[in-house]
Amino acid sequence: MSDVTQEATATQTTGRQGPVKARSGGRTWARTGLLVIVLFWCLFPFFWLIMTSLKLGDRALNSPDLFQGPFGLDNYASVFEQNFHLNLRNSLAIAGMTTIICIVIGSLAGYALARLPMKRKILLLSGVLAVSLFPPVALVPPLYEAWRTLGLLNTWEGLYLPYTAFTLPLTIFILTAFYASIPRELEEAARVDGATPFQAFYKVIFPLAAPGVFAAAIIIFVTAWNEFLLANTFAPRNPEIAQTVPVAIAAFTGQVEFQRPVGIITAACVVVVIPMIIVALLFQRRIVAGLTSGGLKG
Amino acid sequence: MADTPVAPARSVEPAGPDQSSVRAGGFSERTLARLFIAPSIILMALVALFPVVYAFILSLNEYTRRQHVGFAGLQNYADALTDGRFWESLRFTLVFTVTSVGAEFLIGLGFALIMNQAFRGRGITRAAILIPWVIPTVIAAQMWFFMFNVTPGFINNVFGLGNFNWLGQQGWATFAVIFADVWKTSPFVALLLLAGLQTIPGDLYESAMTDGANALQRLWYITLPLLRPAILVALLFRTVEALRVYDLPQVMTGGAFNTESLSILVQQYVVRTPNPGYGAALSTLSFVIILGVGLVFVSMLGRQLVIGRTTER
Chain A
1 MSDVTQEATA TQTTGRQGPV KARSGGRTWA RTGLLVIVLF WCLFPFFWLI
51 MTSLKLGDRA LNSPDLFQGP FGLDNYASVF EQNFHLNLRN SLAIAGMTTI
101 ICIVIGSLAG YALARLPMKR KILLLSGVLA VSLFPPVALV PPLYEAWRTL
151 GLLNTWEGLY LPYTAFTLPL TIFILTAFYA SIPRELEEAA RVDGATPFQA
201 FYKVIFPLAA PGVFAAAIII FVTAWNEFLL ANTFAPRNPE IAQTVPVAIA
251 AFTGQVEFQR PVGIITAACV VVVIPMIIVA LLFQRRIVAG LTSGGLKG
Chain B
1 MADTPVAPAR SVEPAGPDQS SVRAGGFSER TLARLFIAPS IILMALVALF
51 PVVYAFILSL NEYTRRQHVG FAGLQNYADA LTDGRFWESL RFTLVFTVTS
101 VGAEFLIGLG FALIMNQAFR GRGITRAAIL IPWVIPTVIA AQMWFFMFNV
151 TPGFINNVFG LGNFNWLGQQ GWATFAVIFA DVWKTSPFVA LLLLAGLQTI
201 PGDLYESAMT DGANALQRLW YITLPLLRPA ILVALLFRTV EALRVYDLPQ
251 VMTGGAFNTE SLSILVQQYV VRTPNPGYGA ALSTLSFVII LGVGLVFVSM
301 LGRQLVIGRT TER
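Residue numbers (UniProt numbering), protein chains in the order written: chain A, 1 to 298; chain B, 1 to 313.
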């Protein structure tokens with residue numbers, strides 16, 4: 001920004017276009033060049049991951065040289081022999097349920113907080129903020145006992161219920177911000193035309209908040225998909241039932257006990273990472289808007 | 001938060017003549033507000049608040065391998081506070097939190113400044129920066145486990161360190177875990193700070209430049225003060241997250257070599273050596289510590305954190 005103006009004034013006053021332009025062009029390149037550091041930091045480990053997942057045989061896998069062959073897809077075949085597709089199914093179902101419940105319940109709450117008259121609104125928001133500070137580990141012993149009594153260990157419900165409770169505060173913050181950003185006049189116009197408050201919500205406001213809802217949905221899905229502590233405690237085994245993707249990736253065993261199978265683990269990681277990278281690239285703007293507008297969570 | 005009013009499910013019936021009733025036939029706005037907020041509060045109360053209370057009750061009882069023996073009073077807490085393992089895991093958790101959040105802030109700020117001043121390639125970098133955030137922490141942990149591990153020994157090879165055993169000795173194991181966390185979350189911090197940087201008006205820098213301020217002075221006197229809210233919010237959420245750390249040390253070291261975090265310790269007493277009473281005492285202590293730190297941050301941020309969200313936008 002400042003460079004452009006500098007350049008403009010320089011050309012105007014001195015009229016010497018050549019050197020000035022060349023210098024600021026060089027600076028532009030230097031600035032772009034710095035981005036390479038950021039790109040390298042974010043992307044290089046994935047290059048390592050993909051190369052390693054394609055290596056075959058102990059000799060290649062145990063070599064630090066990234067280009068030490070032979071290469072092939074056998075590791076990927078082994079991943080699915082260990083029922084990884086069932087883990088993917090469980091994670092999709094659990095993260096999907098979390099997302100649906102959170103969006104439905106959270107958009108109601110977000111709308112109420114952004115728009116409707118309510119007593120003790122600040123107290124409520126503080127309560128929601130406090131729940132977002134809860135450490136999940138505080139739930140591990142009591143929920144384990146409760147789930148054991150209720151028979152919810154090793155079930156989808158046993159995981160998506162706590163996930164919903166934990167992502168709800170974030171959902172409410174994101175959606176409250178989005179609802180609050182929709183002009184109030186639209187609602188009032190709907191009222192004048194004879195809509196009830198509920199009709200004004202679901203016919204006028206909800207559709208307009210769709211981009212925000214979508215951003216929130218992605219963030220909730222990713223959070224639930226990545227969760228490890230509760231998943232590893234409440235459903236540590238059995239891909240056929242409820243073991244999720246992160247638990248499976250942490251638990252892959254090789255032929256020799258106590259030795260982690262590099263090839264299989266990296267291949268499983270690639271299987272998970274590629275679609276997630278695509279989603280991140282496609283919906284980059286929406287995700288960033290969601291993360292920065294309504295509070296945030298790593 | 002204990003006094004968060006659990007919205008009463010009453011007055012669900014057709015709205016009577018309420019003061020704020022807008023139309024007959026639909027719900028009044030106040031009733032609608034209660035109806036809309038109720039499911040969220042009920043769910044959070046049942047699955048987040050109730051267990052915390054239940055944990056406290058469990059912690060007052062004595063168990064032998066899940067068999068209830070009797071009332072124990074505060075014995076479990078006395079045991080926990082005299083257990084060296086508890087203090088050891090608390091120490092690791094605090095060291096991890098302070099160093100990783102500090103490093104993430106510095107690197108994240110650097111990245112944000114780099115991205116903010118670039119003309120070209122900003123879009124693609126912002127997309128790339130999301131990638132470490134979006135992947136599961138377990139995958140990051142496995143990736144860095146193998147990169148640090150003696151075989152295949154990628155990092156040792158790059159730096160010519162031979163068979164240096166990063167993950168198999170005290171100190172360096174902690175370093176490896178912190179490094180993996182910094183790799184994964186610095187880009188995320190950068191994203192938050194970049195959003196803050198973009199709200200700073202450019203003419204502030206221009207007038208500072210005409211006044212002869214150099215780059216460092218501009219950073220110190222303009223950027224950082226104006227970035228303060230974004231910095232505080234980022235630090236709050238990163239600190240609370242870091243105090244919960246479980247995935248990285250669990251996968252990279254299994255908690256060996258003094259890398260056992262509070263979360264790992266609590267989880268041990270639930271699954272591996274089950275003791276609901278002692279486990280619940282440890283979880284209650286962790287809860288108090290972590291929530292306490294969070295509340296200190298929130299009170300530093302003031303009410304703007306809560307109120308700003310709803311009124312500004």
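A virtual CB, placed ideally from N, CA and C, is assigned to each residue, including glycine.
Within chain A, no C-beta atom comes less than 8 angstroms from the C-beta of T99/B; the nearest is roughly 16 angstroms away. Shown here, K203/A sits in a helix according to DSSP, grouped into three states. With respect to chain B, the C-beta atom of N90/A has no partner C-beta closer than 8 angstroms.
Between P211/A and R286/A, the gap from beta carbon to beta carbon is short of 8 angstroms.
Looking at the DSSP output, N61/B shares a beta bridge with F71/B. Under the 8 angstroms criterion on CB atoms, P45/A is classed as interfacial with respect to chain B.
Contact with chain A is absent for G73/B, since none of that chain's Cβ atoms lies less than 8 angstroms from the residue's Cβ. Counting only the Cα atoms, T137/B lies some 23 angstroms from Y144/A.
Any Cβ of chain A closer than 8 angstroms to the Cβ of T125/B would place that residue at the interface, and such an atom is present. Under DSSP, F71/A forms a beta bridge with K55/A. P51/B places its beta carbon 8 angstroms or farther from that of I105/A.
Contact annotation: A173/B and F257/B have beta-carbon atoms nearer than 8 angstroms. Neighbours of A109/A across chain B, judged by C-beta separation under 7 angstroms: F36, I37, S40. Listed in chain order, the non-local C-beta contacts of I107/B below 7 angstroms within the same chain comprise V182, S186, local neighbours out to five positions each way being set aside. Here I264/B has S89, Y246, P249, Q250, G255 as same chain residues with Cβ atoms under 8 angstroms from its own Cβ, once five neighbours each way along the sequence are excluded. Taking F84/A as reference, the option from I278/A, A280/A, V272/A, M276/A with the minimal CA-CA separation is V272/A. At a cut-off of 8 angstroms between C-beta atoms, Q142/B counts as an interface residue with respect to chain A. In the DSSP annotation of this structure, the continuous segment of the alpha helix (DSSP H) that includes Y179/A starts and ends at 156–180. Against chain A, the CB of G294/B has a partner CB under 8 angstroms away; the residue lies at that interface. Below the 8 angstroms Cβ cutoff, chain A contributes A138, L139, P142, L143, A146 as neighbours of P51/B, in chain order. With respect to chain B, the C-beta atom of S78/A has no partner C-beta closer than 8 angstroms. Under the criterion of beta carbons closer than 8 angstroms, A200/A and R191/A qualify as touching, at roughly 6 angstroms.
Taking the C-beta atoms as reference points, F119/B is found no nearer than 8 angstroms to V38/A.
Chain order gives no chain A residues near F257/B, where near means a beta carbon separation below 8 angstroms; the closest approach is about 16 angstroms. Y278/B sits in a helix when the DSSP states are folded into three classes. Between the C-alpha atoms of S100/B and M118/A there is a straight-line separation of about 41 angstroms. If you draw a straight line from the Cα of T284/B to the Cα of T259/B, it is about 21 angstroms long. A residue is called buried when at least 16 other Cβ atoms come within 10 angstroms of its Cβ; N163/B does not meet this threshold and is exposed. From the beta-carbon of S53/A, no residue of chain B is found nearer than 7 angstroms; the closest lies around 11 angstroms away. Nearest in C-alpha terms to T266/A, of all of L43/A, I241/A, I101/A, I50/A, is I50/A. Straight-line measurement puts the Cα of L66/A at about 7 angstroms from the Cα of W48/A.
At the C-beta level, P276/B and R85/B stay beyond 8 angstroms of one another. Ranking E81/A, N62/A, L43/A, N75/A by CA distance to the CA of W133/B puts L43/A first. Relative to the Cα of A224/A, the nearest Cα in the group L186/A, L161/A, F173/A belongs to L161/A. Remark: C-beta atoms of V266/B and V247/A do not approach each other more closely than 8 angstroms.
When Cβ-Cβ separations below 8 angstroms define contact, E29/B makes contact with chain A.
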